[in-house]
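I have placed the structure first, in the form of structure tokens, so that the comments after it can refer back to it.
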Amino acid sequence: LSVFQPPPPPPSPGEAKAKIRKIPDMGSDDKTMSSSLNDYTIIKEGEAEILMHAKNEVFYNKTQVNNRDISIAVLRTFISKRKQEHEAMLSGRTKTAQKISGENASEPEAPAESALHNEKSNGECEESEDISHDEPCSISEEPAKTSEGKGRGELKLPRVLEALSASGLRALRYAREIEGIGQVVALDNDKVSVEACRRNIKFNGSVACSKVESHL
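Numbering-wise, my numbering comes out as the position in the sequence shown, counting from 1, plus 37.
As structure tokens, this is what we get:
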């Protein structure tokens, strides 16, 4: 008799508190860092790491670990649901276009032939062509419609604005842990916090540098 076993639970957010270590020797060429590297420790939460000064000059709230975990889970669900709805919309448009195309193909062409015959019998074929020059041309509009439809078919990545980001930890976790997320803008009204955030962006490597930016 097989017994259903639920999947293993995700890592406990409390583990972030234990993952604290001294920063390795990186040299002193970074102007935003103190000359004494021993004053910094590395705090790891999720897949992100931040450099924290011993004086805690930039606010780091340990009790918000659960809140950050929840916001990441919500964003993952939102992006997944948004993608599903977009694909369903495109699928519906394709089916509608195919249905209309099939209906047009099944219609008889007798009326068009009859109209052409009447024009020839009245001797007005050349004149009708001249008059049509003043009317809008549907053929020239078709490429524009196609191009516009193609643009609408592309799903843009969501852009996230994070206010009062402090060290930028939440923004860094978004960038490194959420698949399908776009640019993450970390904002703060404190210059020291912005400098710390930019330092942490650089410390987290190419993925963070390509997705996260920090501004006052």
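Note that CB positions come from ideal geometry on N, CA and C, so glycine has one too.
Cβ distance (whole Å) where residue i is taken to contact residue j below 8 Å
i: S247; j: R235; result: That pair is no contact at about 14 Å.
i: E84; j: R210; result: 7 Å
Contacts around residue i, its chain only, beta-carbon distance under 8 Å, and the 5 residues preceding and following it disregarded
i: H123; result: L192
i: D76; result: H90, A91, K92
i: K228; result: L253
i: I8; result: No information on residue 8 is available, as it lies outside the stretch 38 to 253 that the chain covers here.
Proximal residues to residue i (C-beta, below 6 Å), its chain only, five neighbours per side dropped
i: S108; result: none
i: S230; result: V95, A203
i: A233; result: V95, S204
i: L194; result: G219
Residue interval of the alpha helix (DSSP H) (run including residue i)
i: L206; result: 206 to 214
Same chain only: Cβ atoms within 7 Å of residue i, ignoring 5 sequence neighbours per side
i: N226; result: L253
i: G242; result: none
i: N237; result: I87, L88, S204, G205, L209
Backbone CA spacing between residue i and residue j [nearest angstrom]
i: V249; j: I137; result: 45 Å
i: V95; j: E199; result: 16 Å
i: L224; j: M126; result: 34 Å
i: K239; j: G129; result: 44 Å
i: R213; j: T133; result: 39 Å
i: A245; j: N98; result: 21 Å
i: D106; j: Q121; result: 23 Å
Delimiting residues of the beta strand (DSSP E) encompassing residue i
i: I238; result: Here I238 belongs to no beta strand (DSSP E); instead the alpha helix (DSSP H) covers 228 to 240.
i: V244; result: That residue, V244, is in no beta strand (DSSP E); its alpha helix (DSSP H) goes 243 to 248.
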